[in-house]
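Protein chains: 2
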Amino acid sequence: MNQPWNAFCPTLTLALVLTAAAAVAAQDGTEWRSIEAASIAYMQLPGGEAIIELNAEFAPTTVAQFKRLVRDGFYDGLAFYRVVDGFVAQGGDGSDMADPNSEPMLPAEFERPWSGELPFTSVQKPDMFAPETGFIDGFAAGRDMQSRKVWLTHCPGVIAMARNDGSDTGSTDFYIVIGQAPRYLDRNLTIFGRVVSGMDVVYRVIRGPSDANGMIAEGEPSTIIEKIVLAEDVPVAARKDVRVTDTSGAEFGKVLQSRKKRGPPFFHHKPPEVLDVCQIPVATRIGR
Amino acid sequence: MNQPWNAFCPTLTLALVLTAAAAVAAQDGTEWRSIEAASIAYMQLPGGEAIIELNAEFAPTTVAQFKRLVRDGFYDGLAFYRVVDGFVAQGGDGSDMADPNSEPMLPAEFERPWSGELPFTSVQKPDMFAPETGFIDGFAAGRDMQSRKVWLTHCPGVIAMARNDGSDTGSTDFYIVIGQAPRYLDRNLTIFGRVVSGMDVVYRVIRGPSDANGMIAEGEPSTIIEKIVLAEDVPVAARKDVRVTDTSGAEFGKVLQSRKKRGPPFFHHKPPEVLDVCQIPVATRIGR
Numbered sequence: 332m333n334q335p336w337n338a339f340c341p342t343l344t345l346a347l348v349l350t351a352a353a354a355v356a357a358q359d360g361t362e363w364r365s366i367e368a369a370s371i372a373y374m375q376l377p378g379g380e381a382i383i384e385l386n387a388e389f390a391p392t393t394v395a396q397f398k399r400l401v402r403d404g405f406y407d408g409l410a411f412y413r414v415v416d417g418f419v420a421q422g423g424d425g426s427d428m429a430d431p432n433s434e435p436m437l438p439a440e441f442e443r444p445w446s447g448e449l450p451f452t453s454v455q456k457p458d459m460f461a462p463e464t465g466f467i468d469g470f471a472a473g474r475d476m477q478s479r480k481v482w483l484t485h486c487p488g489v490i491a492m493a494r495n496d497g498s499d500t501g502s503t504d505f506y507i508v509i510g511q512a513p514r515y516l517d518r519n520l521t522i523f524g525r526v527v528s529g530m531d532v533v534y535r536v537i538r539g540p541s542d543a544n545g546m547i548a549e550g551e552p553s554t555i556i557e558k559i560v561l562a563e564d565v566p567v568a569a570r571k572d573v574r575v576t577d578t579s580g581a582e583f584g585k586v587l588q589s590r591k592k593r594g595p596p597f598f599h600h601k602p603p604e605v606l607d608v609c610q611i612p613v614a615t616r617i618g619r
Numbered sequence: 332m333n334q335p336w337n338a339f340c341p342t343l344t345l346a347l348v349l350t351a352a353a354a355v356a357a358q359d360g361t362e363w364r365s366i367e368a369a370s371i372a373y374m375q376l377p378g379g380e381a382i383i384e385l386n387a388e389f390a391p392t393t394v395a396q397f398k399r400l401v402r403d404g405f406y407d408g409l410a411f412y413r414v415v416d417g418f419v420a421q422g423g424d425g426s427d428m429a430d431p432n433s434e435p436m437l438p439a440e441f442e443r444p445w446s447g448e449l450p451f452t453s454v455q456k457p458d459m460f461a462p463e464t465g466f467i468d469g470f471a472a473g474r475d476m477q478s479r480k481v482w483l484t485h486c487p488g489v490i491a492m493a494r495n496d497g498s499d500t501g502s503t504d505f506y507i508v509i510g511q512a513p514r515y516l517d518r519n520l521t522i523f524g525r526v527v528s529g530m531d532v533v534y535r536v537i538r539g540p541s542d543a544n545g546m547i548a549e550g551e552p553s554t555i556i557e558k559i560v561l562a563e564d565v566p567v568a569a570r571k572d573v574r575v576t577d578t579s580g581a582e583f584g585k586v587l588q589s590r591k592k593r594g595p596p597f598f599h600h601k602p603p604e605v606l607d608v609c610q611i612p613v614a615t616r617i618g619r
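Protein chains in written order, with this note's numbering: chain L, 332 to 619; chain B, 332 to 619.
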């Protein structure tokens, strides 16, 4: 692994940097951030488990309803009924596409006022889709200091509420981004979490036909959400210790800098010194 | 499917536009482009088949060697030995990571001179990573009219040759992009094709550990490339008719325009009028 001829030297270097950071973290505890049980949901799919970090800072009402629905067993046995390869996997009871169910509709939580107390680590200014991008607690975010707004951005792995035309019409059905970041959806839908582990499992979800907007017809094979469980509802001893890179830490700042300044020996054409916030890995560590 | 409250109206609309375009195509033949057999490879993986379009326009030497290796059965039975979730799945004999094999090294085919004869459909100018992006025969591309260069860009589904530090050190092992577009690799590696069908199959490839740069240790489970076959080597009657959206057609131009100008009733916050070239679907139709 330390051979200089590694096909992706820059990536390898980064991986080593991350490993070094982990060691540091073990000493001073600054590099990894433990996710509290109140913000974790385990989603059991046929291919394995996806772990979701919920974000009540940006979507308090949506997270509260999602947690209540999870506790009610609402999602258990329901399907990903609309899956567009390279875009989104949408799951739930389909009420979003047909007759509404009886669950309350949710107010839009598309953005929030900027607060200096949020641990915003700047990544790119300007970005093509936002005046500025950065990370807040591992979540990719956009920021506009002129209007003093901040929002979560649509990167792969993000989970958000589907809705109808009205901004306050989401209720139960959600989608997970499984393709190139559809950033044009930013500030138009409520992102309430992200998959921090098990995206490979999510990518196994059965796709719908692209000429039917990904809608899977009744009787056709689809992937079932076997169960969603909140970490809070699992005995403490059985909970997983989920840690993500502390994106406000100094080590992560160094990673951002090294990714921005790529050069020899691997790079023969110097890439522009810009970063796509959705292309920066935020590492996760799972323990017991 | 025609309900106005569809959770992703704009996408739905696009799907309908594409469907309409298909109908047009059946009449005047302008909207779909048939891929010639000489540019098609079928990759058999445990989860199914991925169809690759090779691009000899941009990477003639690499495509020639890849086709020869495929005919030699070089890849059959080899593994995806380095798989980084959200980044790349790299396959081959591992020679790229260890002792080189005896296959010839390939000259860099990272970019080519701009030629007015290329059917370039402009998408975004400027783009964060290139002075301009666009499509050439369904492939996302970057263009710099100042240096008069054009290149294929690293979007999801792209297949490119891995290499060591030297620009001319690729030979056999390739990677497929399975995550958010790593655009910083543009003009530094030889993209020689793209998966036009079966990305869901590619996404099933077993990942390596993220703290080992995705390298799968010997003895650990990995996904095997069962077989790669060139369409040319299959009897004409057994070949698939693979068509992709004609990205130089008028209908595709309209799709680009509609994606750039999003608004009510679905969009409450108007997205910036920019397009990420890697986020624009190019549809594929498979027949017999």
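Don't be surprised by glycine CBs; every beta carbon is placed ideally from N, CA and C.
Interface partners of residue i on chain B, CB under 7 Å
{"i": "Ala614(L)", "result": "Ser541"}
{"i": "Arg593(L)", "result": "Tyr515"}
Any C-beta of chain B under 8 Å from that of residue i
{"i": "Met459(L)", "result": "yes"}
{"i": "Asn519(L)", "result": "yes"}
{"i": "Pro530(L)", "result": "Per the sequence shown, residue 530(L) should be read as Met rather than Pro. Yes, Met530(L) lies at the interface with chain B (some Cβ there is under 8 Å from its Cβ)."}
{"i": "Val605(L)", "result": "yes"}
{"i": "Val355(L)", "result": "Low local confidence applies: a pLDDT of 39 at Val355(L) is under 50, so the model's placement there is unreliable, and no value is given."}
{"i": "Ile617(L)", "result": "no"}
{"i": "Tyr406(L)", "result": "no"}
{"i": "Pro602(L)", "result": "yes"}
Residue-chain proximity (residue i, chain L), Cβ-Cβ < 8 Å
{"i": "Phe466(B)", "result": "no"}
{"i": "Phe441(B)", "result": "yes"}
{"i": "Gln511(B)", "result": "yes"}
{"i": "Val348(B)", "result": "Since pLDDT at Val348(B) reaches only 29, below the 50 mark, its modelled position is unreliable, and the value read off the structure follows with that caveat. No - not a single Cβ of chain L is within 8 Å of the one on Val348(B)."}
{"i": "Ser498(B)", "result": "yes"}
{"i": "Gln610(B)", "result": "yes"}
{"i": "Asp359(B)", "result": "With a pLDDT of 41 at Asp359(B), under the threshold of 50, the modelled position of this residue cannot be trusted; read the value that follows with caution. It does not: the Cβ of Asp359(B) has no partner Cβ on chain L nearer than 8 Å."}
{"i": "Phe598(B)", "result": "yes"}
{"i": "Pro552(B)", "result": "no"}
{"i": "Tyr412(B)", "result": "no"}
{"i": "Arg535(B)", "result": "yes"}
{"i": "Arg538(B)", "result": "yes"}
Start-to-end residues for the beta strand (DSSP E) that takes in residue i
{"i": "Met492(L)", "result": "489-492"}
{"i": "Leu441(B)", "result": "The question names Leu, yet the displayed sequence has Phe at residue 441(B). Here Phe441(B) belongs to no beta strand (DSSP E), and DSSP marks it neither H nor E."}
{"i": "Arg402(B)", "result": "Note, Arg402(B): premise wrong, no beta strand (DSSP E); alpha helix (DSSP H) at 391-403."}
{"i": "Ser528(B)", "result": "522-528"}
Residues bridged to residue i [DSSP beta-bridge criterion]
{"i": "Tyr373(B)", "result": "Ile382(B), Val560(B)"}
{"i": "Tyr506(L)", "result": "Gln421(L), Ala491(L)"}
{"i": "Ile620(L)", "result": "In the structure as shown, chain L starts at 332 and stops at 619, and residue 620(L) therefore has no counterpart that could be examined."}
{"i": "Gln455(B)", "result": "Thr464(B)"}
{"i": "Thr554(L)", "result": "Phe411(L)"}
{"i": "Ile611(L)", "result": "DSSP output for Ile611(L) lists no bridge partner at all."}
{"i": "Asp572(B)", "result": "Gly618(B)"}
{"i": "Glu546(L)", "result": "According to the sequence displayed, residue 546(L) carries Met and not Glu. For Met546(L), which the question treats as bridged, DSSP gives the partners Arg413(L)."}
{"i": "Asp475(L)", "result": "Lys480(L)"}
Where residue i meets chain L, residues with beta-carbon distance less than 8 Å
{"i": "Phe397(B)", "result": "Within chain L, no residue comes near Phe397(B); the closest Cβ sits about 16 Å away, beyond 8 Å."}
Extent of the continuous alpha helix (DSSP H) to which residue i belongs
{"i": "Ala410(L)", "result": "No alpha helix (DSSP H) contains Ala410(L), which is instead part of the beta strand (DSSP E) from 410-414."}
{"i": "Val481(L)", "result": "Counting along the chain, Val481(L) falls outside any alpha helix (DSSP H), though it belongs to the beta strand (DSSP E) covering 480-483."}
{"i": "Gly584(B)", "result": "581-591"}
Beta-carbon neighbours of residue i, restricted to chain L and to distances below 7 Å
{"i": "Gly417(B)", "result": "Pro487, Met530, Pro612"}
{"i": "Pro444(B)", "result": "None at all; the shortest Cβ gap to chain L is about 15 Å."}
Amino acids of chain B, ordered along the chain, whose beta-carbon sits closer than 8 Å to that of residue i
{"i": "Arg285(L)", "result": "The requested residue 285(L) is not part of the displayed model; chain L covers only 332 to 619."}
Any non-hydrogen atom of the ligand COA within 7 Å of residue i CB
{"i": "Gly550(L)", "result": "Here there are no bound small molecules, and the ligand COA is not part of this structure."}
Can at least three beta-carbon pairs, one atom from the segment 531-541 of chain B and one from the segment 549-557 of chain B, be found at a separation below 8 Å?
yes
Taking contact to mean 3 or more Cβ pairs, one atom from each stretch, closer than 8 Å, check whether the segment 437-448 of chain B and the segment 381-400 of chain B are in contact.
yes
Are there three or more Cβ pairs, one per stretch, closer than 8 Å when the segment 368-384 of chain B is compared with the segment 558-566 of chain B?
yes
Does the count of Cβ pairs from the segment 507-520 of chain B and the segment 412-423 of chain B closer than 8 Å reach three?
yes
Taking three-plus beta-carbon pairs below 8 Å as touching, is the segment 456-468 of chain B in contact with the segment 487-499 of chain B?
no
Any chance the segment 442-457 of chain L sits against the segment 577-589 of chain L, with 3 or more Cβ pairs inside 8 Å?
yes
When you compare the segment 378-385 of chain B with the segment 516-528 of chain B, are there three or more beta-carbon pairs, one atom per stretch, that lie closer than 8 Å?
yes
Per the contact definition of three or more C-beta pairs closer than 8 Å, is the segment 571-578 of chain L in contact with the segment 466-484 of chain L?
yes
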